[in-house]
Amino acid sequence: VTDSPSEALLLESRLVKRHLPRYNVRLRDDRSYPYIRVTNEPYPRVERTRRIVRDGSHYFGPYTTPGAVNAAMSTIRRLFAFRTCDLQIAPEQRAIERPCLLFHLKRCQGPCTGEVTVADYRQELIGVEHLLAGRTRPAIAALRERMERASDGEAFEDAARLRDAIGALEQTFEAQRVPTSGRPDEDVLGLARRGGAAAIACFQVRDSALVGREVHRLEAGEASDAEVLAAFIGQHYARAGDVPPSVATAVPVDDADLAALLATARPGGMEFRVPLRGDRVRLLRLAERNAEERLIRGAAEEDADRARADAALAALVNALKLDAPPARIECADVSTIQGAFTVSSLVVAIDGQPTPKEYRRFKIKEVDQQDDFAAHREALRRRFARATRAGERAGQAEEEAWGRPDLLVIDGGRGQVSAAAAELDAAGVEVTLIGLAKEREEIWVRGATSPINLPATDPGLRLLQRLRDEAHRFAIGYHRTLRSRAATESRLDAIRGLGPARRKALLRRFGSAAGVAAAPLDEIAALPGIGPALATRILEELGAGGR
-14 VTDSPSEALL LESRLVKRHL PRYNVRLRDD RSYPYIRVTN EPYPRVERTR
36 RIVRDGSHYF GPYTTPGAVN AAMSTIRRLF AFRTCDLQIA PEQRAIERPC
86 LLFHLKRCQG PCTGEVTVAD YRQELIGVEH LLAGRTRPAI AALRERMERA
136 SDGEAFEDAA RLRDAIGALE QTFEAQRVPT SGRPDEDVLG LARRGGAAAI
186 ACFQVRDSAL VGREVHRLEA GEASDAEVLA AFIGQHYARA GDVPPSVATA
236 VPVDDADLAA LLATARPGGM EFRVPLRGDR VRLLRLAERN AEERLIRGAA
286 EEDADRARAD AALAALVNAL KLDAPPARIE CADVSTIQGA FTVSSLVVAI
336 DGQPTPKEYR RFKIKEVDQQ DDFAAHREAL RRRFARATRA GERAGQAEEE
386 AWGRPDLLVI DGGRGQVSAA AAELDAAGVE VTLIGLAKER EEIWVRGATS
436 PINLPATDPG LRLLQRLRDE AHRFAIGYHR TLRSRAATES RLDAIRGLGP
486 ARRKALLRRF GSAAGVAAAP LDEIAALPGI GPALATRILE ELGAGGR
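For the sequence shown, counting from 1, position 130 maps to 115 in this note's numbering; every step adds exactly one.
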C-alpha cells in the first residue's frame, strides 16, 4: 500500500527493474547510465557519475555510452575553466599548498588557492550548465562575456582562444537548428517495432536546435504502441537529468499517470502531444527511421553474437569430448601481491555469453601467503558450500539456487587443476574441470597427463581466453578495491565524530595520521567540517601515537 498514485508508479518502476517480469515493457539495456554532475558545493565540481543522489546537485543525461560522456566532458573542458578534483574547499580559503596542472593550463580557476570568490567561480559554471542542457545561445553569451573581460584586461591570448571557441559553437548551433514551428524545447520520440522487440529514438531539441539523439531498445511483448511509449517515458525521464517541458509522439499516451510519476523530475509539468502536420511531423518520421535502423542493426548483431557463441560451444564439445554444449561455464582466477589482499573471482558465461549478474568474488580468508593452489581450493569450497546452503534455504536443489556449471575453468595449468579437483572431490561435486595455462594457452583436462593445444583461431579457445581475461579483470578490480581501502585506514578511523569525508580531507591535506598529529591546531580546525572542538579531540586522541 502506498500513499499516492505517484508513489505507486515509482514503486512499480523499481520492481519492474528488480524482478524483470516477463510481460512488462522494460529497457533491453536497463542499467545505470552515465551522467554528468555539477555538484552542490561552494565551488562545484563537474564529474561523471552513474548514480543520482538528491543532494541539490545538477545532473545532465543520461548518456547512452561512456564515449558520449567523455566527448561532452572534453568539449566543456576546452571551453570553460572548472575543477574536477574532490578537494574540500571552503570559500576563499587556501586548501592546498600548490594548485594542480589544470590551473597552470588555465583549465581550472584554482579555487584551492583561496583567491577565487564563489560568485566569480559560479559565473563560469553557468556557461557549463547552459551547454550541457543544450542551451547554446546562453552558453555563447557567457563565453562572449568572458572574452570581453579578457580583452579589457589585455589578456589577448585568452580572448583569441575564446573568440575561436565562440565561432565554433556558433557554426555548430546553426548546423543543428531545426524549423521552429514546434516547441523550442522538446523531445521527439520515434517508435519502431519488430515482433516483441522495440526501439525508441529520442531526438532532443533545445533552444530550437537538435542537440542530441539517443536510441534505446526495449522488450515490448504484446503491449500497444501507447503502452510502450508510456513505459519508456516513465522509466527514462524518472532518472533523466534534463527533462523537457514537452514530448512529441506519434500516438497519444496516458498523460495523467505519467504526470504523477514525473512530478518530481519536472515540477512544472510535462506536455505530451501528437503533432499532426508541419516540421515536427517530419522530425518524428526521421526519429522513427532511426529507431527502425537500430532494430535492424541490433537484430543482426545478436544473430552474429549467437552464431559466434554456438561455434565456440561446438568447438569445445569437439575438443573436450563433451556430451553436449556447456550451457553454463564458470571461470575462476586468483589475484594477490606477495600473499596480501588475496581474492578470487568467478565469472559466468551462459550459452556462450558472459553474464555479469552471475559473477561472484571471494575475499580469501584462510591463506596468508602466496599460494594460488590453496586460494583456489578455498574459493571453490565456499562457492559450492554457499550454493548448497542457498538451495536448502530456498527449498531448491543446489543447481537451481546458484546453477551447477557444466564446465569449470581454472586459470592455471596442471597443478591448479589437480588442487581444484581435490576440493571438488571432497565436496562431492561432479563437474567437467579444465585449466587454461597462460604461457602457451594449453588446456589441461582433469586427470590428463598431457595438454590439449588448439589453434589460435579456434573459436572454443577464444571463448576460454575471453572468460579467463574477464575473470582476471574482475579479480584485479576487487584486489585494487581492498588495497585502496586498506591504504586509507589509519588511527583516524577510531576517532569519534570523524566520518569518511573528514578523514579523507585530513589525509589529503596532511598526508597521514602522523602528519595530522604534527599539524597546528588552527590548520586542522580550518578544514571544512572540522572546527576547533573536533580538532582538539583529534590531537588528543592521536597523541604521541599518531607520530
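Where is the CB? At the ideal position from N, CA and C, for every residue including glycine. The structure displayed is predicted, hence computed values, not measured ones.
key: Completely contained alpha helix (DSSP H) runs for the segment 309 to 384, where each covers 4 or more residues   = Qualifying alpha helix (DSSP H) stretches, in chain order: 357 to 379.
ask   = Cα separation between A498 and L492?
value = Rounded to the nearest whole angstrom, the CA to CA distance from A498 to L492 is 7 Å.
inquiry  = Using a 10 Å radius around the Cβ and a threshold of 16 neighbouring Cβ atoms, would you call I562 buried or exposed?
reply    = In the structure as shown, the chain starts at -14 and stops at 532, and residue 562 therefore has no counterpart that could be examined.
query = Quick check: the segment 179 to 196 against the segment 276 to 284, are there 3 or more CB pairs under 8 Å?
reply = Yes, they touch.
task = Taking all protein chains shown into account, decide if A160 is buried (16 or more other Cβ within 10 angstroms of its Cβ) or exposed.
result = For A160, the pLDDT reaches just 49, beneath the cut-off of 50, and the residue's location in the model is therefore unreliable, leaving the point undetermined.
task = Output yes or no for whether 7 Å exceeds the beta carbon distance between A124 and L116.
result = Yes, the Cβ-Cβ distance between A124 and L116 is below 7 Å.
query = Around the Cβ of V259, are there at least 16 other Cβ atoms within 10 angstroms (buried) or fewer (exposed)?
reply = It counts as exposed.
ask   = beta strand (DSSP E) containing S231: first to last residue?
value = Run containing S231: 231 to 233, per the beta strand (DSSP E) assignment.
query = Can you give the beta carbon distance from D170 to P96, rounded, assuming they're within the 8 Å contact cut?
reply = Wrong, their Cβ atoms sit about 32 Å apart, outside the cutoff.
task = Compute the Euclidean distance between the alpha carbons of A208 and D143, then round it to the nearest angstrom.
result = When rounded, the separation of the alpha-carbon atoms in A208 and D143 is 56 Å.
task = Report the residue from F358, E286, L477 whose alpha carbon sits nearest the alpha carbon of E408.
result = Of the candidates F358, E286, L477, F358 places its Cα closest to the Cα of E408.
ask   = Residue range of the alpha helix (DSSP H) that I480 falls in?
value = For I480, no alpha helix (DSSP H) segment is defined, and its DSSP state is neither H nor E.
message = Using only the alpha-carbon positions, how far apart do R476 and N25 sit?
response = Between R476 and N25, the C-alpha separation is close to 30 Å.
task = Evaluate contact between the segment 241 to 252 and the segment 216 to 225, counting only Cβ atoms and requiring at least three cross-stretch pairs below 8 Å.
result = When Cβ pairs closer than 8 Å are counted between the two stretches, the segment 241 to 252 is seen to touch the segment 216 to 225, the count reaching three or more.
Opposing strand residues paired with A183 [DSSP bridges] = Beta-bridge analysis with DSSP links A183 to R178, L203.
request  = Would you mind reading off the limits of the beta strand (DSSP E) that contains D295?
outcome  = Going by DSSP, D295 is part of no beta strand (DSSP E) but of the alpha helix (DSSP H) stretching over 264 to 305.
Limits of the beta strand (DSSP E) - the one that R33 falls within = Here the beta strand (DSSP E) through R33 covers 31 to 34.
ask   = What does DSSP give as the partner residues of G197 in its beta bridges?
value = G197 is bridged by DSSP to Q189.
message = Nearer than 6 Å: is that true of the beta carbon of M58 relative to any heavy atom of the ligand HEM?
response = What this structure holds is no ligand at all, so the ligand HEM is not there to describe.
ask   = Where R7 and I461 are concerned, what is the direct C-alpha to C-alpha distance, given to the nearest angstrom?
value = Here the model assigns R7 a pLDDT of 47, short of 50, so the residue's position is not dependable and the matter cannot be decided.
message = Buried or exposed for R39, going by 16 or more other Cβ atoms inside 10 Å?
response = Answer is exposed; the Cβ neighbour count stays below 16.
query = For Q73 versus P513, is the C-beta spacing smaller than 7 Å?
reply = Yes, Cβ-Cβ distance for Q73 and P513 is below 7 Å.
task = Alpha carbon to alpha carbon, how far is A441 from R447? Give it in angstroms, no decimals.
result = Roughly 7 Å separates the two Cα atoms.
query = Buried or exposed: A292, going by 16 or more other Cβ atoms within 10 Å of its Cβ?
reply = With fewer than 16 other Cβ atoms within 10 Å, it is exposed.
inquiry  = At the level of alpha carbons, what is the spacing between K489 and D71?
reply    = Rounded to the nearest angstrom, the two C-alpha atoms are 10 Å apart.
query = Can you pull the DSSP bridge partners for Y44?
reply = Beta-bridge pairing links Y44 to R22.
Anticipated Cβ contact below 8 Å, A405 with L439, distance rounded = At roughly 21 Å, the Cβ-Cβ gap does not stay under 8 Å, so A405 and L439 are not in contact.
ask   = Could you give the distance in angstroms between the alpha-carbon of V266 and the alpha-carbon of A312?
value = When only Cα atoms are considered, V266 and A312 end up about 47 Å apart.
task = Go through its chain and collect everything with a Cβ distance to R62's Cβ below 7 Å, but skip five positions before and after it.
result = Answer for R62: R92, listed in chain order.
request  = Would you identify the three-state DSSP class for F257, choosing helix, strand or coil?
outcome  = Correct three-state label for F257: strand.
request  = Go ahead and label T482 buried or exposed: buried means 16 or more other beta carbons lie within 10 angstroms of its beta carbon, across all protein chains shown.
outcome  = What sits at residue 482 in the sequence shown is Gly, not Thr. With fewer than 16 other Cβ atoms within 10 Å, it is exposed.
task = Specify, as a first and last residue, the run of the beta strand (DSSP E) that V394 falls within.
result = Per DSSP, V394 belongs to the beta strand (DSSP E) from 392 to 396.
Pairwise C-alpha distance: R120 and R33 = Put simply, the backbone Cα of R33 is about 20 Å away from that of R120.
query = Which class does E427 belong to by DSSP, given the choice of helix, strand or coil?
reply = Reduced to three states, the DSSP call for E427 is strand.
key: Per DSSP, the bridge partner or partners of G420   = Note: G420 sits in a beta bridge opposite I395, W429.
request  = Give the straight-line distance between the Cα atoms of A297 and D318, rounded to the nearest whole angstrom.
outcome  = Straight-line Cα distance between these residues: approximately 21 Å.
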